[in-house]
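Participant: This is the structure, below, for whatever I ask next.
Number of protein chains: 2
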Amino acid sequence: MNRIEVLKVVAHPVRIAILEKLSDGVKCVSDLEEFLEITQPNISQHLTALRHAGLIDFFIDGRLRCYFLKNPLIPDLLQILKKDYSEDLPGPECCPVTKKGTYPGERRR
Amino acid sequence: MNRIEVLKVVAHPVRIAILEKLSDGVKCVSDLEEFLEITQPNISQHLTALRHAGLIDFFIDGRLRCYFLKNPLIPDLLQILKKDYSEDLPGPECCPVTKKGTYPGERRR
DNA sequence: TAATAATATAATAATATTTGCATATATGAA
DNA sequence: TTCATATATGCAAATATTATTATATTATTA
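Shown next as structure tokens:
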């Protein structure tokens, strides 16, 4: 699955919450039910979406499905989402207000 | 803007392409028109979305609007999206196939 | 083997996102 | 001024995502 599909599937509050929980270790669906305030079928749908994107997988233990993180991009992604960025990026040198630098492209009329 | 909204706005092929282009430096809308194969109003719409999410900003130079990256999360995000992860995360210890470890939650009946 | 627990699937309704198109605004040039 | 260029905005149509509800599947227990 390509990176845009991955971002799309991660960009949902419930799915982020699931991925964060799975970062702590294996969880079965009923573990997730305990702290997510949505219906069980909805949890299953989100798990299916995450699995189809290759982000998680599961093994079967009796009637439990034990889900775990699979895609190594996820821990990195979750980490930068938590990271605290206090400063904006430095503005460009060519700002017409400061009169510094030149705009790096061809001008039209 | 919260991190989920940020992910949502980044998770679109055109907007990723714009952000990557802006990583190289300031670009005005007509620069973007040259390599994006979509209409000008549509580009403007995506730029507006990115700006409302606090990811980019612009300065005005005559009738050009020169856009640049503003949110420091973006370079980090683009970098991990490009990063090559060849291996999946190691599977859990409690896999019933390997018979190692135990499932770390309460069992139900 | 019948009942129950754990989980998934299907269908639909509600909602949000995306694009396309027409038009508006603002600046600089003639 | 008037015109052209650069860019934005508004709105409707098309499309995609999400949640809900009902039902199905599978494995365990009684």
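Residue numbers (my numbering), protein chains in the order written: chain A, 100 to 208; chain B, 100 to 208. Note that CB positions come from ideal geometry on N, CA and C, so glycine has one too. Because the structure is a prediction, the values reported are computed rather than measured.
1) What residues match up with Lys126/B in a beta bridge as DSSP calls it?
2) In whole angstroms, what separates the C-alpha of Thr197/B from that of Asp160/A?
3) Determine contact between the region 184 to 193 of chain B and the region 151 to 168 of chain B, defined as no fewer than three beta-carbon pairs at a distance below 8 Å.
4) Strictly under 8 Å for the Cβ-Cβ distance: is Asp183/B near chain A by that measure?
5) Helix or strand or just coil, what does DSSP make of Met100/B?
6) Measure the beta-carbon distance from Ile103/B to Ala152/A and round it to whole angstroms, keeping in mind my assumption that it falls under 8 Å.
7) I'd like to know whether the C-beta of Glu186/A is nearer than 8 Å to at least one C-beta of chain B.
8) Do you know how far the Cα of Leu180/B is from the Cα of Pro191/A?
Facilitator: In this structure, then:
1) Here residue 126/B is taken as the residue at index 27 of the second sequence, counted from 1. Its beta-bridge partners are Tyr166/B.
2) Here residue 197/B is taken as the residue at index 98 of the second sequence, counted from 1. Here residue 160/A is taken as the residue at index 61 of the first sequence, counted from 1. Below a pLDDT of 50, predicted positions are generally treated as unreliable, and Thr197/B, at 49, falls in that range; no measurement from the model is reported.
3) Because the criterion of three Cβ pairs below 8 Å is not met, the region 184 to 193 of chain B and the region 151 to 168 of chain B do not touch.
4) Here residue 183/B refers to the residue found at position 84 when the second sequence is read from its first residue. Using beta-carbon distances, Asp183/B does not count as an interface residue toward chain A, since no partner is under 8 Å.
5) Reading the second sequence from its first residue, position 1 is the one you call residue 100/B. The three-state reading of DSSP puts Met100/B in coil, since its state is none of H, G, I, E or B.
6) Taking the first residue of the second sequence as position 1, residue 103/B is located at position 4. Taking the first residue of the first sequence as position 1, residue 152/A is located at position 53. Ile103/B to Ala152/A, Cβ: 16 Å. No contact.
7) Within the first sequence, residue 186/A is the residue found at index 87, counting from 1. Yes, Glu186/A lies at the interface with chain B (some Cβ there is under 8 Å from its Cβ).
8) By one-based count along the first sequence, residue 191/A stands at place 92. By one-based count along the second sequence, residue 180/B stands at place 81. Distance from the CA of Pro191/A to the CA of Leu180/B, rounded to the nearest whole angstrom, comes to 24 Å.
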